[in-house]
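Beneath this line is the structure, given in structure tokens, with notes to follow.
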Amino acid sequence: MWPRVLYAQPRGRMARIGFLGSASATGSAKSVEALRTGLRDLGYVEGRNIVFEFRWAEGKYDRLSELVAELIRLNVDVIVTHGTPGTRTAKTATSTIPIVMAISGDAIATGLVTSLARPEANVTGSTFFIPQLNAKRLELLKEVCPHVARVAALSNPNNPVSKPIIPAMQAAARPLKLEFDVAEAQGPSEFDSAFASMAMRRLDAVVITEDREFAANFGAIATLAAANKLASIGAQEYAQAGGLIGYGVNLLNLYRRAAYFIDKILKGSKPADLPIEQPTRFELVINLRTAKTLRLETAPAMLARADEIIE
350 MWPRVLYAQP
360 RGRMARIGFL
370 GSASATGSAK
380 SVEALRTGLR
390 DLGYVEGRNI
400 VFEFRWAEGK
410 YDRLSELVAE
420 LIRLNVDVIV
430 THGTPGTRTA
440 KTATSTIPIV
450 MAISGDAIAT
460 GLVTSLARPE
470 ANVTGSTFFI
480 PQLNAKRLEL
490 LKEVCPHVAR
500 VAALSNPNNP
510 VSKPIIPAMQ
520 AAARPLKLEF
530 DVAEAQGPSE
540 FDSAFASMAM
550 RRLDAVVITE
560 DREFAANFGA
570 IATLAAANKL
580 ASIGAQEYAQ
590 AGGLIGYGVN
600 LLNLYRRAAY
610 FIDKILKGSK
620 PADLPIEQPT
630 RFELVINLRT
640 AKTLRLETAP
650 AMLARADEII
660 E
């Protein structure tokens, strides 16, 4: 039997899915596989009823306009994006091709949409409130590491999602009696200098904010944080890659969920009729191996709260 999804497509025609990646194919491999898994669960088989068109910016956001133009010329049926830079570029480039955000940092605060319940124009998918999330990471960092007094946020100045994050973290730092600073890096070539600067400023800890280039290089960032004796916190995948603490949403689940939006659109739904979703579950991961390297003691109460402990 043919998968039932084929009835929504003209006979003999495969749906063409454009994927606009801000990072690299290697760094995004797990996310892409999660998306493929979600699509397979809905009856989509590559080469039979869908085909992917991948375009990778390799962390160079100024290439996104060129890459999305290529996808538009290919007349893709839907464009999948990760993060605010790619979504904003795609929305600027087309008002007719549906755009599915696999994940985006606070679509309201960054101006991508004005309503989650009824997103305007051609954008739908998943988002979460990144400024509040990073403020919460400061609180958790202070709870796990009470000695911390001077903290920096590792931030990509070219990523528009960073603009609302920093003020939220500054506000959260004051009642915690934390000195707050910002260390900027646009990609791997600037990681060494960013961490050298933090070490020179004698900082105690660093919060890894949301950026696709950061996510693709969590292992390298965790190594630099440990080498410079910095306590660190980021997404849950960051702790799994060697960082001290991870707190956030499961990004792979969001990629699998993106398949739901793609399916609805290929069957005729308009993006404006598909409410943008927000994850409701946030997970805490503590890496005790890294804590041992940093000679940090973790309170039993914090370990009891963790969803995952890496030993």
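The numbering of the sequence shown is this note's numbering, which starts it at 350 and goes up by one. Where a beta carbon is used, it is the ideal one built from N, C-alpha and C, also for glycine.
Quick check: what's the CA-CA separation for Lys440 versus Glu586?
For the purposes of this step, residue 440 is taken as residue 91 along the sequence shown, with counting starting at 1. For the purposes of this step, residue 586 is taken as residue 237 along the sequence shown, with counting starting at 1. C-alpha separation (whole angstroms): 28 Å.
Would you decide whether Arg654 is buried or exposed? Buried here means 16 or more other CB atoms lie within 10 Å of its CB.
Reading the sequence shown from its first residue, position 305 is the one you call residue 654. It is exposed - the Cβ of Arg654 has fewer than 16 other Cβ atoms within 10 Å.
Quick test of your reading: Gln481 and Ala532, contact by CB under 8 Å. State the CB separation rounded to the nearest angstrom.
Counting from 1 along the sequence shown, the entry for residue 481 is found at position 132. Counting from 1 along the sequence shown, the entry for residue 532 is found at position 183. Going by Cβ atoms, the distance from Gln481 to Ala532 rounds to 21 Å, so no, they are not a contact pair.
Of the residues His496, Lys485, Pro495 and Val493, which one's Cα is nearest the Cα of Ala502?
Along the sequence shown, read from residue 1 onward, the residue named residue 502 stands at position 153. When each option's Cα is compared against that of Ala502, the closest is Lys485.
So Ala689 packs on Gly387, CB below 8 Å; how close in whole Å?
This structure cannot settle anything about residue 689, because the visible part of the chain is limited to 350 through 660.
When you compare only the Cα positions, how much space is there between Ser464 and Val555?
For the purposes of this step, residue 464 is identified with residue 115 of the sequence shown, where counting begins at 1. For the purposes of this step, residue 555 is identified with residue 206 of the sequence shown, where counting begins at 1. Rounded to the nearest whole angstrom, the CA to CA distance from Ser464 to Val555 is 33 Å.
Using only the alpha-carbon positions, how far apart do Ile479 and Ser504 sit?
By one-based count along the sequence shown, residue 479 stands at place 130. By one-based count along the sequence shown, residue 504 stands at place 155. For Ile479 and Ser504, the distance between alpha carbons rounds to 13 Å.
Return the chain-ordered list of same chain residues with a C-beta closer than 7 Å to the C-beta of Pro649, the five sequence neighbours on each side being excluded.
Within the sequence shown, residue 649 is the residue found at index 300, counting from 1. Result list for Pro649: empty, nothing under 7 Å.
If we ignore side chains and look at the alpha-carbon of each, how far apart do Glu660 and Glu646 end up?
Reading the sequence shown from its first residue, position 311 is the one you call residue 660. Reading the sequence shown from its first residue, position 297 is the one you call residue 646. Glu646 has its alpha-carbon roughly 13 Å from the corresponding atom of Glu660.
If Glu562 sits next to Gly536, beta carbons under 8 Å apart, how far is it from one beta carbon to the other, in whole angstroms?
For the purposes of this step, residue 562 is identified with residue 213 of the sequence shown, where counting begins at 1. For the purposes of this step, residue 536 is identified with residue 187 of the sequence shown, where counting begins at 1. About 5 Å separates the CB atoms of Glu562 and Gly536; that is less than 8 Å, so the two are in contact.
Label Gly396 either buried or exposed according to how many other C-beta atoms from any shown protein chain fall within 10 Å of its C-beta, with 16 as the threshold for buried.
Numbered from its first residue, the sequence shown carries residue 396 at position 47. The residue is exposed, with fewer than 16 neighbouring Cβ atoms inside 10 Å.
State yes or no: is the beta carbon of Ala543 nearer than 7 Å to at least one beta carbon in chain B?
Absence of chain B from the displayed structure is noted, only one protein chain being present.
Selected residue, minimal CA-CA separation from Asn599, among Lys379, Pro524 and Ala521
Here residue 599 refers to the residue found at position 250 when the sequence shown is read from its first residue. Closest in C-alpha terms to Asn599, from the list Lys379, Pro524 and Ala521, comes Lys379.
Val429 - DSSP class collapsed to helix/strand/coil
Position 80 of the sequence shown, counting from 1, holds the residue named residue 429. Strand, per DSSP.
Can the beta-carbon of Arg362 be found closer than 7 Å to that of Asp426?
For the purposes of this step, residue 362 is identified with residue 13 of the sequence shown, where counting begins at 1. For the purposes of this step, residue 426 is identified with residue 77 of the sequence shown, where counting begins at 1. The answer is no: Cβ separation not under 7 Å.
Which complete alpha helix (DSSP H) runs does the region 435 to 503 hold, if anything under 4 residues is left out?
Counting only runs of at least 4 residues, the region 435 to 503 fully encloses the following alpha helix (DSSP H) elements, listed from N- to C-terminal order: 479 to 493.
Stretch pair the region 447 to 454 + the region 415 to 424: three plus CB contacts closer than 8 Å
Output reads no: the region 415 to 424 does not touch the region 447 to 454.
Can you tell which of Thr443, Ala442 and Thr438 has the C-alpha that lies nearest to the C-alpha of Ser453?
Taking the first residue of the sequence shown as 1, we reach residue 453 at position 104. With respect to the C-alpha of Ser453, the residue from Thr443, Ala442 and Thr438 having the closest C-alpha is Thr438.
Relative to the alpha-carbon of Ala576, which residue among Thr443, Asp455, Arg412 and Arg644 has its alpha-carbon at the smallest distance?
Residue numbering aside, residue 576 sits at position 227 when the sequence shown is read from its first letter. Answer by Cα proximity: Arg644.
Name, in chain order, the residues that DSSP records as bridge partners for Gly595.
Residue 595 sits at position 246 when you count from the first residue of the sequence shown. In DSSP, Gly595 forms a bridge with Gly583 and Val634.
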